[in-house]
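Asker: Residue numbers (our numbering), protein chains in the order written: chain A, 1 to 175; chain B, 1001 to 1583.
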Amino acid sequence: MNAAQHHTLSVLVENKAGVLARVAGLFARRGFNIYSLAVAPTEDERFSRITVVVDVESAPLEQVRKQLFKLINVIEIQELAPGDSIERELLMATVRAEGAQRSQVIELTAVFGGKVLDVGHDELLVSLEDVPERVDDFEDLLRPFGIVNLQRTGRIALPKLRKVPPVRSARAASS
Amino acid sequence: MDEITGGEALIRSLELEGVEVIFGLPGGAILPVYDPLLDSPIRHILVRHEQGAGHMAEGYAHVTGRPGVAMVTSGPGATNIVTPLCDAFMDSIPMVVITGQVPTKAIGSDAFQECDTTGITLSVTKHNFLVTSAEEIPWTIRAAFHIARTGRPGPVLVDVPKDVVDPKNPNSRMRWYWPDEVDLPGYKPTVQGHPRKIQEAAELISRSVRPVIYAGGGILKARASEALLELAELTGIPVVTTLMARGAFPDDHELALGMPGMHGNYTAVTAMQKCDLLIALGSRFDDRVTGNPATFARDAKVIHVDIDPAELGKVRTPDVPIVGDCRVVIEQLVEAIRKMGGRDCQPDRSEWMATIRDWQRRYPLRYEPSLPGEDLKPQFVIEQIRDHTPDDTIVSVGVGQHQMWASQYWRFRHPHTFVCSGGLGTMGFAIPAAIGAKVGRPDRMVWAIDGDGCFQMTAQELVTATCERIPIKVAVLNNAYLGMVRQWQELFYEERYSEVYLSPDIPDYVKWAEAMGCEAMRVETPEEVGPAIEKANEIDDRPVVVEFRVDTREKVYPMVPAGASNDDIILGPAISKGSEDHD
Chain A
1 MNAAQHHTLS VLVENKAGVL ARVAGLFARR GFNIYSLAVA PTEDERFSRI TVVVDVESAP
61 LEQVRKQLFK LINVIEIQEL APGDSIEREL LMATVRAEGA QRSQVIELTA VFGGKVLDVG
121 HDELLVSLED VPERVDDFED LLRPFGIVNL QRTGRIALPK LRKVPPVRSA RAASS
Chain B
1001 MDEITGGEAL IRSLELEGVE VIFGLPGGAI LPVYDPLLDS PIRHILVRHE QGAGHMAEGY
1061 AHVTGRPGVA MVTSGPGATN IVTPLCDAFM DSIPMVVITG QVPTKAIGSD AFQECDTTGI
1121 TLSVTKHNFL VTSAEEIPWT IRAAFHIART GRPGPVLVDV PKDVVDPKNP NSRMRWYWPD
1181 EVDLPGYKPT VQGHPRKIQE AAELISRSVR PVIYAGGGIL KARASEALLE LAELTGIPVV
1241 TTLMARGAFP DDHELALGMP GMHGNYTAVT AMQKCDLLIA LGSRFDDRVT GNPATFARDA
1301 KVIHVDIDPA ELGKVRTPDV PIVGDCRVVI EQLVEAIRKM GGRDCQPDRS EWMATIRDWQ
1361 RRYPLRYEPS LPGEDLKPQF VIEQIRDHTP DDTIVSVGVG QHQMWASQYW RFRHPHTFVC
1421 SGGLGTMGFA IPAAIGAKVG RPDRMVWAID GDGCFQMTAQ ELVTATCERI PIKVAVLNNA
1481 YLGMVRQWQE LFYEERYSEV YLSPDIPDYV KWAEAMGCEA MRVETPEEVG PAIEKANEID
1541 DRPVVVEFRV DTREKVYPMV PAGASNDDII LGPAISKGSE DHD
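#1: Taking the alpha carbon of residue 1517(B) as the reference point, which residue from 1425(B), 1226(B), 1468(B), 1362(B) has its own alpha carbon closest?
#2: What residues in its chain sit with their C-beta under 7 angstroms from that of residue 1382(B), if we drop five residues either side in the sequence?
#3: Does the Cβ of residue 1447(B) have 16 or more other Cβ atoms within 10 Å, making it buried, or fewer, making it exposed?
#4: Using the rule of at least 16 other Cβ atoms within 10 Å of the residue's Cβ for burial, across every protein chain shown, is residue 1373(B) buried or exposed?
#5: Taking 8 angstroms as the CB-CB cut-off, is residue 24(A) touching chain B?
#6: Go to residue 64(A), then tell me how far its alpha helix (DSSP H) extends in each direction, as first and last residue.
#7: Across which residues does DSSP place residue 130(A) in a beta bridge pair?
#8: So who's on the other strand from residue 115(A), going by DSSP bridges?
#9: So what's residue 1312(B) in DSSP terms, helix, strand or just coil?
#10: Under 8 angstroms, do residue 1238(B) and residue 1255(B) count as touching if we go by C-beta distance?
#11: Hey, does residue 1147(B) have any beta-carbon neighbour from chain A nearer than 8 angstroms?
#12: Measure how close the beta-carbons of residue 1202(B) and residue 1326(B) come, nearest whole angstrom, since I'm counting them as under 8 angstroms.
#13: Give the DSSP bridge partners of residue 1301(B), in chain order.
#14: Can you pull the chain A residues whose beta carbon is under 7 angstroms from the beta carbon of residue 1123(B), in chain order?
#15: Is the segment 17 to 29 of chain A touching the segment 1122 to 1135 of chain B in the sense that three or more CB pairs, one from each, lie closer than 8 angstroms?
#16: For residue 1577(B), which residues does DSSP report across the bridge?
#17: Is there a Cβ from chain A that is less than 8 angstroms from the Cβ of residue 1339(B)?
#18: Suppose contacts are defined by Cβ-Cβ distances below 8 angstroms. Is residue 55(A) in contact with residue 5(A) by that definition?
#19: What residues from chain E crowd round residue 148(A), counting only those whose CB sits closer than 8 angstroms?
#20: Counting only beta-carbon separations shorter than 8 angstroms, does residue 1308(B) have a partner in chain A?
#21: Taking the alpha carbon of residue 1106(B) as the reference point, which residue from 1114(B), 1099(B), 1361(B) has its own alpha carbon closest?
#22: Would residue 11(A) pass as an interface residue toward chain B - the criterion being a Cβ-Cβ separation below 8 angstroms?
#23: Under DSSP, the beta strand (DSSP E) around residue 149(A) begins and ends at which residues?
#24: Using a C-beta cutoff of 8 angstroms, does residue 78(A) count as contacting chain B?
#25: Just confirm the distance between the C-beta atoms of residue 1139(B) and residue 1094(B), as a whole number of angstroms; I'd bet it's less than 8 angstroms.
#26: Figure out for me which residue from 1099(B), 1364(B), 1234(B), 1483(B) has the closest Cα to the Cα of residue 1258(B).
#27: Could you compute how far the alpha carbon of residue 173(A) sits from the alpha carbon of residue 164(A)?
#28: Taking 8 angstroms as the CB-CB cut-off, is residue 174(A) touching chain B?
#29: To the nearest angstrom, how far is it from the Cα of residue 1465(B) to the Cα of residue 1524(B)?
#30: Look at the alpha carbon of residue 1018(B) and the alpha carbon of residue 1470(B), and state the distance between them as a whole number of angstroms.
#31: Cα-Cα, which of 11(A), 66(A), 95(A) is closest to residue 80(A)?
#32: Is the beta carbon of residue 49(A) less than 8 angstroms from the beta carbon of residue 40(A)?
#33: Would you mind working out which of 1116(B), 1077(B), 1491(B) sits nearest residue 1560(B), comparing C-alpha positions?
#34: Which residues does DSSP pair with residue 1370(B) in a beta bridge?
#35: I'd like to know whether the C-beta atoms of residue 22(A) and residue 61(A) end up nearer to each other than 8 angstroms.
#36: Which same chain residues end up closer than 7 angstroms to residue 1008(B) when comparing Cβ atoms and leaving out the 5 residues on each side of it in sequence?
Right, dumping it as structure tokens:
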């Protein structure tokens, strides 16, 4: 994916039926390919957060962003710059692992900090939760063993937290 | 608190929203709502096709500013109203459409007359709702009207499954309530313009020597005509009114330039091309106005006012973008300019106005009158209707040549007198829209100016008009062709007339109109035109159809071909000849 065209939007929506179709439809109507899409309810059950990654230039994206905001169920849209946010993705894969390969897959998974979730006669079910680029690397390295099943969640992201306390006025600090 | 059925709640909710009329057609899924309608003071107008119901609701909304309401059944009833929904969406018409749906348990089972109505209408509505329980009905109707009429107005659809309104079904039992307000956390339209932007705009205006106000349909939606007049007169800036804004500024005003765009007049088109400041108010830089956007108003700075932030920068990046309600923002602008000195702070624009006057003198709208024995000129017919009807007559149009001639040759003096399908360009709009307009403004004379192609699409709604005693007048400009398509084939396809001939005599429009209960006349000579219109004006107990046999070869000029630059406007033979006369 071209980094210059990579945009991550975090869209807070009302947790109502059909909202995802409305949001996805706005991208589809303009012929934009959604690279990754993740959606789940938030800490407040009335709302869900959609993290959508699109591969598009900024100008058309700005128009989509405005059109998205016109949707009655959309409450807030944030564009998350990669440097200013923490991104994660989860991968689960069933990998062929017969004989000597079995220990190699286990070792590779351990190196990446992943987990072996299930063990079969000649297959392993492994998972990795990490930044999308590391997940890409892991997937690439698993491929030579033979990936039987693969599922990735699509990325989720939240803004980075403030590292220094906010500057307060002297009066506010003293009171 | 009383316990009622969902159907009763729906009708009661509509009453509380102030609905006075519903345009609709019942069917199985919506029957439980039609039953309590019998006991309601709300008038129901039974249409002959659901598309008619939708356009009637639009016509009603155009002239009253209140949301038009249509109610139809599930499946084909719902799909038939998709065109009006899209039309209303494109033209920002407030409308609420209620559709019946199969019972909740049957949804998704391909039940009889089921379709995924909210799915189908997702992209042509401002918002839509699928009601899932009777309790949701009052809140949903309240929210639907709130969304339809606030912010950028638009159509809202409410899909109602049969079981939640059916008195025989326990799912329809509910305790009545009426919400004081609707909680829509994601919906907060901005009304006031940002003060800093207002000031920037006022300063830009006061420095511009060649400004033009580009007034769009948003002026009418925001009820901003008076504010617009005040701004124009305070600053002395000329005004173009787009197709959707015709009537927003009086055509007989000295600052009125008329319609710009593909079939706009030379002065309106060229003034926009040559201006140094474009003050876009509730207009969306539609391709029919801008021509090729790369060459549109090249030297102009742009102030763009719109209640919809997505319009700002969509086509042209504005120098001063202002999000807000057009009326409120114009009033803010007027105040800011007054504070700066009002008329006194405006620069000398006499040279600009002299240039404009010169264009107006040299390139007026013009057509060649017909010679004796020739077919009627459609422009002449429109001028005659205009001159034989009251000043505040409402005129609705279909789509095509007749629509453009009506916009060009009518003289609009009042807002909300032109009912037109602009964005979608829906053939067959005129007659049902005229019916809706007459229902909304029964005190006004309403003329539909239609083409023969358009007439054949929705003429059956004249049966509705007759039965409901809605006395509209219809002028059918019969040129035996799909005229605008023919014009394009003549100009751009080497006169290869593919599938545009309709026949002048089949159907027999007079007999057809009479069969639908209308008074009907056929007019073929210039002498008959005035008297026929006078006669039509006198008939007030049923609809009247006047068929005018008009010249097939007549074309709409000026014209900017699709995608061309507005600099390359084609004047047409009559205007070019007229300009030579002046030189």
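Where is the CB? At the ideal position from N, CA and C, for every residue including glycine.
Given the structure is predicted, the values throughout are model-derived calculations rather than measurements.
Answerer: Let's see:
#1: Stepping through the second sequence from its first residue, residue 1517(B) is reached at position 517. Minimum Cα distance to residue 1517(B) is reached at 1468(B).
#2: In the second sequence, residue 1382(B) corresponds to position 382, counting from 1. 1405, 1406, 1409, 1410, 1449.
#3: Taking the first residue of the second sequence as 1, we reach residue 1447(B) at position 447. Its Cβ being crowded by 16 or more others within 10 Å, residue 1447(B) is buried.
#4: Within the second sequence, the letter at position 373 stands for residue 1373(B). Exposed, by the Cβ-count rule.
#5: As a first step, residue 24(A) must be located in the first sequence, where it is residue number 24. Not an interface residue.
#6: Residue mapping note: residue 64(A) aligns to position 64 of the first sequence, counting from 1. Counting along the chain, the alpha helix (DSSP H) containing residue 64(A) begins and ends at 58 to 70.
#7: Position 130 of the first sequence, counted from the first residue, corresponds to residue 130(A). DSSP lists 89(A) as partners of residue 130(A).
#8: Looking up residue 115(A) in the first sequence gives position 115. According to DSSP, residue 115(A) bridges with 127(A).
#9: One-based indexing of the second sequence puts residue 1312(B) at position 312. Correct three-state label for residue 1312(B): coil.
#10: Start at 1 with the first residue of the second sequence, and residue 1238(B) comes out as number 238. Start at 1 with the first residue of the second sequence, and residue 1255(B) comes out as number 255. Their beta carbons are under 8 angstroms apart, which means residue 1238(B) touches residue 1255(B) by this criterion.
#11: Locating residue 1147(B) in the second sequence gives position 147, where the first residue counts as 1. With 8 angstroms as the cut-off, residue 1147(B) counts as an interface residue toward chain A.
#12: Within the second sequence, numbered from 1, the residue matching residue 1202(B) stands at position 202. Within the second sequence, numbered from 1, the residue matching residue 1326(B) stands at position 326. So it is not a contact: roughly 16 angstroms between Cβ atoms.
#13: Against the second sequence, residue 1301(B) aligns to sequence position 301. Beta-bridge pairing links residue 1301(B) to 1277(B).
#14: Translated into positions along the second sequence, residue 1123(B) becomes position 123. In chain order: 25, 29.
#15: yes
#16: Residue numbering aside, residue 1577(B) sits at position 577 when the second sequence is read from its first letter. For residue 1577(B), which the question treats as bridged, DSSP gives no partner whatsoever.
#17: Taking the first residue of the second sequence as position 1, residue 1339(B) is located at position 339. So no, residue 1339(B) is outside the interface.
#18: Numbered from 1 along the first sequence, position 55 holds the residue referred to as residue 55(A). Numbered from 1 along the first sequence, position 5 holds the residue referred to as residue 5(A). Yes, they are a contact pair.
#19: Structure shown: chain E not included; protein chains present are A and B.
#20: One-based indexing of the second sequence puts residue 1308(B) at position 308. It does: the Cβ of residue 1308(B) has a partner Cβ on chain A nearer than 8 angstroms.
#21: The residue labelled residue 1106(B) in the question sits at position 106 within the second sequence. Nearest of 1114(B), 1099(B), 1361(B) to residue 1106(B), Cα basis: 1114(B).
#22: Here residue 11(A) corresponds to residue number 11 of the first sequence, with the count starting at 1. Output row for residue 11(A): interface = no.
#23: Translated into the one-based positions of the first sequence, residue 149(A) becomes position 149. 147 to 152 is the extent of the beta strand (DSSP E) around residue 149(A).
#24: Within the first sequence, residue 78(A) is the residue found at index 78, counting from 1. It does not: the Cβ of residue 78(A) has no partner Cβ on chain B nearer than 8 angstroms.
#25: Residue mapping note: residue 1139(B) aligns to position 139 of the second sequence, counting from 1. Residue mapping note: residue 1094(B) aligns to position 94 of the second sequence, counting from 1. That belief does not hold up - the Cβ atoms of residue 1139(B) and residue 1094(B) are roughly 19 angstroms apart, past 8 angstroms.
#26: As a working note, residue 1258(B) is residue 258 in the second sequence. Minimum Cα distance to residue 1258(B) is reached at 1364(B).
#27: Taking the first sequence and counting its residues from 1, one reaches residue 173(A) at position 173. Taking the first sequence and counting its residues from 1, one reaches residue 164(A) at position 164. With a pLDDT of only 46 at residue 173(A), under the threshold of 50, the placement of this residue in the model should not be trusted, and no figure is reported.
#28: Counting from 1 along the first sequence, the entry for residue 174(A) is found at position 174. Low local confidence applies: a pLDDT of 45 at residue 174(A) is under 50, so the model's placement there is unreliable, with the coordinate-based value given in what follows. No, because no Cβ of chain B sits closer than 8 angstroms to the Cβ of residue 174(A).
#29: Here residue 1465(B) refers to the residue found at position 465 when the second sequence is read from its first residue. Here residue 1524(B) refers to the residue found at position 524 when the second sequence is read from its first residue. Straight-line Cα distance between these residues: approximately 26 angstroms.
#30: As a working note, residue 1018(B) is residue 18 in the second sequence. As a working note, residue 1470(B) is residue 470 in the second sequence. Approximately 21 angstroms, taken between the alpha carbons.
#31: As a first step, residue 80(A) must be located in the first sequence, where it is residue number 80. Looking at the Cα atoms, 11(A) is the closest of the given residues.
#32: For the purposes of this step, residue 49(A) is taken as residue 49 along the first sequence, with counting starting at 1. For the purposes of this step, residue 40(A) is taken as residue 40 along the first sequence, with counting starting at 1. Against a cut-off of 8 angstroms, the Cβ pair of residue 40(A) and residue 49(A) comes out as a contact.
#33: Reading the second sequence from its first residue, position 560 is the one you call residue 1560(B). The candidate whose alpha carbon is nearest that of residue 1560(B) is 1491(B).
#34: Position 370 of the second sequence, counted from the start, is the residue given in the question as residue 1370(B). BP columns for residue 1370(B) are empty, so no partner.
#35: In the first sequence, residue 22(A) corresponds to position 22, counting from 1. In the first sequence, residue 61(A) corresponds to position 61, counting from 1. Not in contact: residue 22(A) and residue 61(A) (Cβ atoms no closer than 8 angstroms).
#36: The sequence position of residue 1008(B) within the second sequence is 8, counting from 1. Correct list, in chain order: 1036.
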